[in-house]
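Per the working numbering: the sequence shown = residues 1 to 251.
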Amino acid sequence: FTASDGQAEDSETITITINPAPVPTGRIAYVDGGIWIMDATGGNRVQLTDEGRDPEISPDGSRIVYVSEKDGNYEIYVMGCDGSYPVRLTNNPVHDTSPSWSPDGTQIVFLSSRDAGGMFIMDADGGNPHKILSIEAHQPDWSPDGSKIAFLSPYALFTVSPDGSNLTEITKNVKLGDICWSADGRYIAHVVLSAGAVLGLTPVGSPGPEEQWHPSLIGFGIGCLTMSPYGYWVAVNNCLLYTSDAADEED
């Protein structure tokens with residue numbers, strides 16, 4: 001649009017160009033009494049199961065890994081993104097939860113109560129499960145380049161290499177509720193419960209306080225974070241937030 005200074009004989013026209021937020025693309029898996037899938041814009045919602053939790057779409061968009069207790073305890077399954085061909089990947093009398101795909105889709109990190117509990121990695125077909133950490137962990141999330149796995153431990157955010165080495169504390173003395181990586185792997189988005197459920201952003205490898213987003217969301221129980229592939233959008237519960245490409249420091 002254009003605007004003038006109100007003086008007809010000596011007016012100056014100012015042209016302002018507004019770049020709209022890019023339209024989100026791809027699909028989102030979520031839980032609402034079962035596992036559902038929808039377009040990133042909220043359309044074409046399809047229910048895939050009548051129960052389940054922790055769904056995550058594979059990097060190639062063809063499969064969903066998720067947790068189900070239909071066989072008596074929490075186990076990890078994978079199915080097509082249309083709900084077809086569900087396959088159980090874990091099979092033991094303890095709980096297996098919180099699966100997250102490696103960026104190339106060949107492995108899955110997860111949490112388990114087996115072998116005194118901890119963080120494990122298995123092949124995408126359920127083979128070769130092995131422990132990489134024995135400490136208490138929650139919500140593991142693989143970095144975009146595959147070199148790190150972020151996770152929560154009581155009052156701290158950590159990263160660790162997939163072989164269990166290079167355990168690094170990113171934040172401490174902060175109670176966090178949910179995490180996800182930025183598209184370029186330079187930041188981790190998280191919910192800061194100790195600040196009243198504020199959505200925050202912490203640089204990885206650079207010490208300093210987190211940058212806080214959207215403090216107006218305090219009290220809405222924000223969580224279940226998912227960052228879009230290009231970093232413009234983050235899914236938070238039942239809404240999308242435009243981040244102005246938070247991973248790009250020039251914007």
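Just so it is clear, CB atoms sit at the ideal spot from N, CA and C, and this is done for glycine as well.
- Which of the three DSSP states, helix, strand or coil, is assigned to Arg114? Locating residue 114 in the sequence shown gives position 114, where the first residue counts as 1. Note: Arg114 maps to helix in three-state DSSP.
- Gln258: buried (16+ other C-beta within 10 angstroms of its C-beta) or exposed? With the chain covering only 1 through 251, there is no way to say anything about residue 258.
- Does the distance from the C-beta atom of Pro55 to that of Ile35 stay below 8 Å? For the purposes of this step, residue 55 is taken as the residue at position 55 of the sequence shown. For the purposes of this step, residue 35 is taken as the residue at position 35 of the sequence shown. Yes, they are a contact pair.
- Query: Going straight from the alpha carbon of Ser113 to that of His130, what length do you get?
  - Reply: Position 113 of the sequence shown, counted from the first residue, corresponds to residue 113. Position 130 of the sequence shown, counted from the first residue, corresponds to residue 130. Their Cα atoms are separated by approximately 13 Å.
- Would you report the Cα separation of Leu100 and Lys148, rounded to the nearest angstrom? Locating residue 100 in the sequence shown gives position 100, where the first residue counts as 1. Locating residue 148 in the sequence shown gives position 148, where the first residue counts as 1. Inspection of the sequence shows that residue 100 is occupied by Ser rather than by Leu. Each residue's Cα considered, the two are about 12 Å apart.
- For Asp82, collect the residues of the same chain with a Cβ closer than 7 Å to its Cβ; drop the 5 residues on either side in sequence, then sort them by chain order. Here residue 82 corresponds to residue number 82 of the sequence shown, with the count starting at 1. Here the set comprises nothing.
- Can you tell me the Cα-Cα spacing of Gly118 and Gly26, whole angstroms? Within the sequence shown, the letter at position 118 stands for residue 118. Within the sequence shown, the letter at position 26 stands for residue 26. When rounded, the distance between both Cα atoms is 32 Å.
- Query: Exposed or buried, what is Pro140 when buried is set at 16 or more other beta-carbons lying within 10 Å of its beta-carbon?
  - Reply: Taking the first residue of the sequence shown as position 1, residue 140 is located at position 140. By the neighbour-count rule (16 or more Cβ atoms within 10 Å), Pro140 is buried.
- At what residue ranges does the stretch 19-85 contain a whole run of the beta strand (DSSP E), taking only runs of 3 or more? 27-31, 35-39, 53-57, 63-68 and 75-80
- Looking only at DSSP bridge pairs, what is Ile149 linked to? Position 149 of the sequence shown holds residue 149. In the DSSP output, where bridge partners are listed per residue, Ile149 has Trp142 and Val160.
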